[in-house]
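Let me begin by presenting the structure, written as structure tokens, before commenting on it.
Residue numbers (this note's numbering): 1 to 129.
Spelled out as structure tokens, the structure:
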């Protein structure tokens with residue numbers, strides 16, 4: 001059993017740690033490119049906007065979910081079962097994408113540079129509570 005406040009920290013870690021790793025991979029992919037075109041930066045901005053909208057809704061839902069938990073509760077109650085399944089699916093998808101050699105460096109750079117910072121922002125939203 002853990003205190004309810006611990007669930008916010010767990011949620012922040014679950015979203016923040018991959019956020020750091022993905023951001024680093026995206027920025028590293030950009031750094032390894034010979035030249036960066038404006039359309040790649042536009043795609044990155046689009047990915048940022050898309051994940052901002054998605055994660056804002058999701059984090060609001062899970063912050064509310066955590067707030068309804070008892071003062072002392074089980075760690076697995078950080079998310080709903082559906083939430084845990086989504087996290088597992090996203091982790092598997094991310095690992096699969098990263099290990100497919102046919103995925104172009106431009107995709108990794110633009111997608112990961114948009115996804116990673118939004119995961120970090122979501123982690124900060126959990127920590128605010």
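Beta carbons are placed, not taken as given, at the ideal position from N, Cα and C, and that holds for glycine.
- DSSP places residue 65 in the helix class (H, G or I) of the three-state scheme.
- The region 49-124 is shown to contain whole alpha helix (DSSP H) runs of 4 or more residues at 81-98, in chain order.
- Counting other Cβ atoms within 10 Å of its Cβ, residue 86 stays below 16 and is therefore classed as exposed.
- With distances taken between CA atoms, residue 20 lies nearest to 119 out of 90, 119, 4, 64.
- Counting of Cβ neighbours within 10 angstroms places residue 93 among the exposed residues, the total staying below 16.
- Rounded to the nearest angstrom, the gap between the Cα atoms of residue 75 and residue 12 is 13 Å.
- Under the three-pair Cβ rule at 8 Å, the region 95-103 does not count as touching the region 36-56.
- Judged by their CB atoms, residue 16 and residue 123 are nearer to each other than the 8 Å cut-off.
- Judged by beta-carbon spacing, residue 44 lies within the 8 Å limit of residue 114, meaning their Cβ atoms are closer than that value.
- Using a 10 angstroms sphere on the CB of residue 46, the tally of other CB atoms stays under 16, which defines it as exposed.
- A Cβ-Cβ separation of about 7 Å places residue 77 in contact with residue 7 under the 8 Å criterion.
- Between residue 126 and residue 63 a beta carbon distance of about 7 Å is seen, short of the 8 Å cut, so the two are scored as contacting.
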